[in-house]
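Protein chains: 2
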Amino acid sequence: MREIAATWMRGGTSKCWVFRRDDLAVPDLSVDEVLLRLYGSPDARQVDGLGGGTSTTSKAVILAASQAAGVDVEYTFAQVGIEEAKVDWGSNCGNCSAVVAPFAIREGWVAPVDGETVVRVLNTNTGQLIVQKVATPGGVLSEEPTERLPGVPFLGAPVRMGFVDPAGRSTGRLLPSGRPSDVLSAAVGAVRVSLVDAGAPVVAVAAADLGVRGDESPAELDATPGLLGRLDAVRREAGVLMGLAETPEEVERAVPKLALVSTPHPADLDEPPADLTVRMLSMGRFHPAVPVTGSVALTLAGGLPGTVVHELVDDADAATGLRLGTPAGCVETFVESHDGVPVVGITRTYRRLAHGSVVLPDPPLLPSVSA
Amino acid sequence: MREIAATWMRGGTSKCWVFRRDDLAVPDLSVDEVLLRLYGSPDARQVDGLGGGTSTTSKAVILAASQAAGVDVEYTFAQVGIEEAKVDWGSNCGNCSAVVAPFAIREGWVAPVDGETVVRVLNTNTGQLIVQKVATPGGVLSEEPTERLPGVPFLGAPVRMGFVDPAGRSTGRLLPSGRPSDVLSAAVGAVRVSLVDAGAPVVAVAAADLGVRGDESPAELDATPGLLGRLDAVRREAGVLMGLAETPEEVERAVPKLALVSTPHPADLDEPPADLTVRMLSMGRFHPAVPVTGSVALTLAGGLPGTVVHELVDDADAATGLRLGTPAGCVETFVESHDGVPVVGITRTYRRLAHGSVVLPDPPLLPSVSA
Chain S
5 MREIAATWMR
15 GGTSKCWVFR
25 RDDLAVPDLS
35 VDEVLLRLYG
45 SPDARQVDGL
55 GGGTSTTSKA
65 VILAASQAAG
75 VDVEYTFAQV
85 GIEEAKVDWG
95 SNCGNCSAVV
105 APFAIREGWV
115 APVDGETVVR
125 VLNTNTGQLI
135 VQKVATPGGV
145 LSEEPTERLP
155 GVPFLGAPVR
165 MGFVDPAGRS
175 TGRLLPSGRP
185 SDVLSAAVGA
195 VRVSLVDAGA
205 PVVAVAAADL
215 GVRGDESPAE
225 LDATPGLLGR
235 LDAVRREAGV
245 LMGLAETPEE
255 VERAVPKLAL
265 VSTPHPADLD
275 EPPADLTVRM
285 LSMGRFHPAV
295 PVTGSVALTL
305 AGGLPGTVVH
315 ELVDDADAAT
325 GLRLGTPAGC
335 VETFVESHDG
345 VPVVGITRTY
355 RRLAHGSVVL
365 PDPPLLPSVS
375 A
Chain U
5 MREIAATWMR
15 GGTSKCWVFR
25 RDDLAVPDLS
35 VDEVLLRLYG
45 SPDARQVDGL
55 GGGTSTTSKA
65 VILAASQAAG
75 VDVEYTFAQV
85 GIEEAKVDWG
95 SNCGNCSAVV
105 APFAIREGWV
115 APVDGETVVR
125 VLNTNTGQLI
135 VQKVATPGGV
145 LSEEPTERLP
155 GVPFLGAPVR
165 MGFVDPAGRS
175 TGRLLPSGRP
185 SDVLSAAVGA
195 VRVSLVDAGA
205 PVVAVAAADL
215 GVRGDESPAE
225 LDATPGLLGR
235 LDAVRREAGV
245 LMGLAETPEE
255 VERAVPKLAL
265 VSTPHPADLD
275 EPPADLTVRM
285 LSMGRFHPAV
295 PVTGSVALTL
305 AGGLPGTVVH
315 ELVDDADAAT
325 GLRLGTPAGC
335 VETFVESHDG
345 VPVVGITRTY
355 RRLAHGSVVL
365 PDPPLLPSVS
375 A
């Protein structure tokens with residue numbers, strides 16, 4: 005048995021356990037093995053571990069101070085499998101990203117200055133630099149809950165996050181197919197899609213082209229007969245077109261993500277109104293709000309003529325950011341240019357829930373029985 | 005903001021945060037307010053707190069060393085509301101009970117002896133004394149995972165628990181109506197029930213009388229048209245007959261519990277075979293395994309001629325305990341007599357998951373928006 009220092013934090017609409025990278029180095033065990041046992045996986049309920057039995061509560065954030073130029077913290081995200089004994093390292097989680105700056109300041113990795121402190125975070129999964137700003141009045145980190153975030157009923161402390169030059173991190177190109185839109189094969193219904201790689205690889209589809217309004221609840225969409233299956237086929241064919249895999253079968257569950265987009269319905273306008281209504285698929289189901297990385301891709305797509313997103317939004321809005329209408333409420337993104345480099349961003353809130361240590365039992369690390 | 009010492013433990017098939025009673029005393033706040041904010045309630049996902057968004061993961065165990073004769077530890081159980089800003093103090097959780105002895109020994113409240121240490125636990129919700137035994141070889145608590153428990157895929161450290169003289173703790177009588185079985189009103193279908201108060205108040209019904217086999221999965225039973233509604237009506241009318249409330253509307257959601265009982269199906273016999281197949285309703289849905297307190301009531305009912313349980317089991321089995329066939333596998337209870345006092349028990353496993361402190365934000369304690 006071994007105790008490992010850890011902090012449990014909410015980042016945006018996710019909950020994640022946060023570890024120092026060195027602390028996860030356990031003799032004779034891989035990090036995957038350590039995480040799976042800590043989280044109680046594989047098990048649908050994760051009853052014997054830290055995991056919460058849902059994709060948004062089975063996440064780990066692994067951090068280390070960085071010596072690299074222009075980087076303060078190296079941040080690795082792990083999606084810990086629930087029913088599968090597998091850790092997915094292939095993508096970042098934008099929501100969990102929000103915990104990095106406050107954790108780094110509390111650890112003493114970044115010295116806070118009076119007012120606002122900037123923390124430069126390198127996500128190692130994607131090579132994405134994320135510049136984070138948190139309030140540090142008097143040179144002390146403020147954890148005071150002052151902001152609302154759609155999907156979180158309590159106020160939280162804000163982290164402003166800018167994704168620096170996010171285009172093409174996974175595929176090398178903002179438009180991996182080289183075109184603003186593509187029509188997929190007849191086998192998946194010849195649906196028109198825009199393939200965009202920024203923050204994460206995303207497939208955008210007009211909701212109307214799939215026979216839904218686009219402002220349904222995640223539960224309604226999940227329950228629409230045939231929809232999840234068809235969207236997964238669309239997503240897999242699109243993944244191959246984006247160069248993420250050789251065959252549809254090899255396309256991962258986590259990426260590309262898929263967004264159903266539509267014009268905000270006059271009857272359910274947010275105040276002020278959203279620019280675009282979004283329902284996004286994440287790990288095989290509709291997301292309760294919106295994945296942050298997906299919102300970055302949609303924001304850049306909004307500024308690109310010929311994409312299915314651009315056709316639905318106002319040019320002037322898309323140039324400075326978008327208000328995305330999500331199942332949980334309106335989420336606002338921003339677009340800035342710093343020395344000619346585009347920065348796309350969003351504000352999330354966070355909260356420290358618990359800290360201390362977690363307990364790793366001795367091997368065997370796999371279940372004794374299937375329960 | 006305030007940090008509160010806490011330990012996260014699995015007890016049986018539940019996960020609970022464990023607190024010292026004194027640590028939950030916060031100036032100007034009730035314990036209910038403290039727990040609700042810590043757990044992130046009300047919120048279906050409990051995303052801003054310790055709760056896991058399900059009844060088996062939104063539980064608190066509150067402990068104090070006891071000065072009372074014959075008692076080592078006073079144990080209070082709290083079922084923390086999820087979507088409702090309400091803490092239920094009306095019943096015990098048998099699964100969570102398993103964490104008490106190991107926690108008390110680690111705290112130094114009970115001095116372990118070489119071999120096996122006995123911890124006498126008084127549950128304050130019900131007045132129930134629970135005698136617990138844990139392995140303490142060489143006078144040191146063993147947390148070594150050695151036993152299987154249905155519903156938990158990993159091995160755990162065992163706690164043997166005996167409920168001392170459990171009859172009538174809530175109503176004053178083992179058979180609160182004075183009869184081994186009752187026929188309810190025509191309004192709920194004139195169904196025959198046995199009302200038993202031991203461990204917790206339980207309503208036992210033969211599955212066949214409700215038109216189901218009784219060995220279906222919890223999900224199948226939850227989805228059976230009309231079943232949950234009808235069982236809740238049965239449960240509420242039975243609750244009034246047991247004297248737990250004046251009217252069906254006032255009957256609590258947590259108690260009485262309801263058990264569908266049936267003869268084990270020859271085709272799905274466990275090895276060795278179960279004595280009784282059980283599917284139990286808990287907090288409005290079918291339980292993934294079996295509530296421990298409910299298993300105590302069914303065990304005593306098995307020994308009482310005229311109950312719907314007795315009719316289904318073998319007399320000799322019921323005298324010493326029952327093997328209950330649950331959705332997660334077979335759970336074994338025991339019946340003993342100590343100086344003429346009946347003790348009904350069961351073995352559960354536990355694991356420490358995490359420990360340190362949890363963070364209580366400053367007021368306001370209620371959500372800023374409904375999300």
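Protein chains in written order, with my numbering: chain S, 5 to 375; chain U, 5 to 375.
Think of the CB as a built atom: it goes at the ideal place given N, C-alpha and C, for glycine as much as any other residue.
With H, G and I counted as helix, E and B as strand and the rest as coil, what does DSSP make of A375/U? Position 371 of the second sequence holds residue 375/U. Low confidence applies here, because A375/U scores a pLDDT of 42, under 50, leaving its location unreliable; read the following figure in that light. Looking at A375/U - three-state DSSP - the assignment turns out to be coil, as it is neither helix nor strand.
Any residues in the segment 349-372 of chain S with a beta carbon nearer than 7 Å to a beta carbon of chain U? Which ones, in chain order? R355, R356, L357, A358, H359, G360, S361, V362, V363, P365, P371 and S372
Going along the chain, which residues of the segment 5-17 of chain S sit with their C-beta nearer than 8 Å to a C-beta in chain U? M5, A10, W12, R14 and T17
Minimum C-alpha distance to R352/S - residue among S341/S, T337/S and E254/S: Indexing the first sequence from 1 puts residue 352/S at position 348. When each option's Cα is compared against that of R352/S, the closest is T337/S.
At a CB distance below 8 Å, what residues from the segment 154-167 of chain U approach chain S? Give them in sequence order. P154, G155, V156, P157, F158, L159 and G160
Cβ of Y95/U within 8 Å of Cβ of A208/U? The sequence position of residue 95/U within the second sequence is 91, counting from 1. The sequence position of residue 208/U within the second sequence is 204, counting from 1. Checking the displayed sequence, the identity of residue 95/U turns out to be Ser instead of Tyr. Their beta carbons are not under 8 Å apart, which means S95/U does not touch A208/U by this criterion.
For L369/U, which residues from the same chain have a beta carbon less than 6 Å from its beta carbon, with the 5 sequence-adjacent residues on both sides left out? In the second sequence, residue 369/U corresponds to position 365, counting from 1. Cβ within range, chain order: E37 and R41.
Enumerated in chain order, which unbroken segments of the beta strand (DSSP E) with a length of 3 residues or greater are wholly contained in the segment 150-204 of chain S? 151-153, 156-168 and 196-202
Compare the C-beta of V104/S with all C-beta atoms of chain U and state if any pair is closer than 8 Å. Within the first sequence, numbered from 1, the residue matching residue 104/S stands at position 100. Chain U contact via Cβ: absent.
Output the boundary residues of the beta strand (DSSP E) element that contains P346/U. On the second sequence, residue 346/U is found 342 positions in, with the first residue counted as 1. Note, P346/U: beta strand (DSSP E), V345 to L364.
Candidates P270/S, P229/S, R283/S and E78/S: which alpha carbon is nearest R25/S's? On the first sequence, position 21 is the one that residue 25/S refers to. That would be E78/S, whose Cα lies nearest to the Cα of R25/S.
So the alpha helix (DSSP H) R234/U belongs to, where does it begin and stop? Your numbering for residue 234/U matches position 230 in the second sequence. It spans L231 to L245 - the alpha helix (DSSP H) in which R234/U sits, taken as one unbroken run.
Taking Cβ-Cβ distances shorter than 8 Å, what residues in chain U pair up with G56/S? Walking along the first sequence from the start, residue 56/S turns up at place 52. The contacting residues are G56, G57 and T61.
Any chance the segment 17-24 of chain U sits against the segment 65-72 of chain U, with 3 or more Cβ pairs inside 8 Å? yes
Quick check: M5/U and V363/U, are their CB atoms within less than 8 Å of each other? On the second sequence, residue 5/U is found 1 positions in, with the first residue counted as 1. On the second sequence, residue 363/U is found 359 positions in, with the first residue counted as 1. Yes, they are a contact pair.
So the alpha helix (DSSP H) L39/U belongs to, where does it begin and stop? Residue 39/U sits at position 35 when you count from the first residue of the second sequence. Looking at the DSSP string, the run of the alpha helix (DSSP H) that includes L39/U is V35 to Y43.
Any C-beta of chain S sitting closer than 8 Å to the C-beta of K261/U? For the purposes of this step, residue 261/U is taken as residue 257 along the second sequence, with counting starting at 1. Closer than 8 Å: no.
Tell me whether the beta-carbon of A320/U lies closer than 8 Å to the beta-carbon of V339/U. Reading the second sequence from its first residue, position 316 is the one you call residue 320/U. Reading the second sequence from its first residue, position 335 is the one you call residue 339/U. Not in contact: A320/U and V339/U (Cβ atoms no closer than 8 Å).
Leaving out five residues before and five after A375/S in sequence, what residues of the same chain have Cβ atoms less than 6 Å from its Cβ? Working through the first sequence from its first residue, we reach residue 375/S at position 371. With a pLDDT of only 42 at A375/S, under the threshold of 50, the placement of this residue in the model should not be trusted; the figure read from the coordinates follows. Counting only Cβ-Cβ distances below 6 Å, and skipping sequence neighbours, we find nothing.
My understanding is that S266/U touches D343/U, with C-beta atoms under 8 Å, so please give their C-beta distance in whole angstroms. Within the second sequence, residue 266/U is the residue found at index 262, counting from 1. Within the second sequence, residue 343/U is the residue found at index 339, counting from 1. That belief does not hold up - the Cβ atoms of S266/U and D343/U are roughly 36 Å apart, past 8 Å.
Using a C-beta to C-beta distance shorter than 9 Å, which residues of chain S count as neighbours of K90/U? The residue you call residue 90/U lines up with position 86 of the second sequence. Correct list: empty, because the minimum Cβ distance to chain S is about 16 Å.
In angstroms with no decimal places, state the Cα-to-Cα distance between Y354/U and C97/U. Start at 1 with the first residue of the second sequence, and residue 354/U comes out as number 350. Start at 1 with the first residue of the second sequence, and residue 97/U comes out as number 93. Between Y354/U and C97/U, the C-alpha separation is close to 14 Å.
Considering only the beta carbon of each residue, do G306/S and V317/S sit closer than 8 Å? On the first sequence, residue 306/S is found 302 positions in, with the first residue counted as 1. On the first sequence, residue 317/S is found 313 positions in, with the first residue counted as 1. Result yes, Cβ atoms of G306/S and V317/S sit closer than 8 Å.
Beta-ladder partner(s) of F107/U, from DSSP: Working through the second sequence from its first residue, we reach residue 107/U at position 103. In DSSP, F107/U forms no bridge with anything.
Does D321/S come within less than 8 Å of chain U when only Cβ atoms are used? Taking the first sequence and counting its residues from 1, one reaches residue 321/S at position 317. Answer no: the Cβ-Cβ gap between D321/S and chain U never drops below 8 Å.
Consult DSSP for H269/U and reduce its assignment to one of helix, strand or coil. Within the second sequence, the letter at position 265 stands for residue 269/U. Three-state result, H269/U: coil.
Closer than 8 Å by C-beta to V122/U: which residues in its own chain qualify, once you throw out the five before and the five after it? Chain order, please. As a working mapping, residue 122/U is identified with position 118 in the second sequence. Around V122/U: V135, Q136 and K137.
Rounded to the nearest angstrom, what separates G325/U and D366/S at their Cα positions? As a first step, residue 325/U must be located in the second sequence, where it is residue number 321. As a first step, residue 366/S must be located in the first sequence, where it is residue number 362. If you take the alpha carbons of G325/U and D366/S, they lie about 33 Å apart.
In terms of residue numbering, what span does the alpha helix (DSSP H) encompassing A323/U cover? As a working mapping, residue 323/U is identified with position 319 in the second sequence. Where A323/U is concerned, the enclosing alpha helix (DSSP H) stretches over D319 to T324.
Straight-line Cα distance separating L304/U from S341/U: As a first step, residue 341/U must be located in the second sequence, where it is residue number 337. As a first step, residue 304/U must be located in the second sequence, where it is residue number 300. Distance between the alpha carbons of S341/U and L304/U is about 13 Å.
Closer than 6 Å by C-beta to A105/S: which residues in its own chain qualify, once you throw out the five before and the five after it? Chain order, please. On the first sequence, residue 105/S is found 101 positions in, with the first residue counted as 1. These residues qualify, in order along the chain: V123, Q136, V138 and V163.
Do you know offhand how far F167/U's Cα is from L285/U's? By one-based count along the second sequence, residue 167/U stands at place 163. By one-based count along the second sequence, residue 285/U stands at place 281. Straight-line Cα distance between these residues: approximately 21 Å.
Pair within 8 Å by beta-carbon distance, V84/U and Y43/U: Position 80 of the second sequence, counting from 1, holds the residue named residue 84/U. Position 39 of the second sequence, counting from 1, holds the residue named residue 43/U. The answer is yes: Cβ separation under 8 Å.
So, with DSSP's three-state summary, where would you put S341/U? Within the second sequence, the letter at position 337 stands for residue 341/U. Strand.
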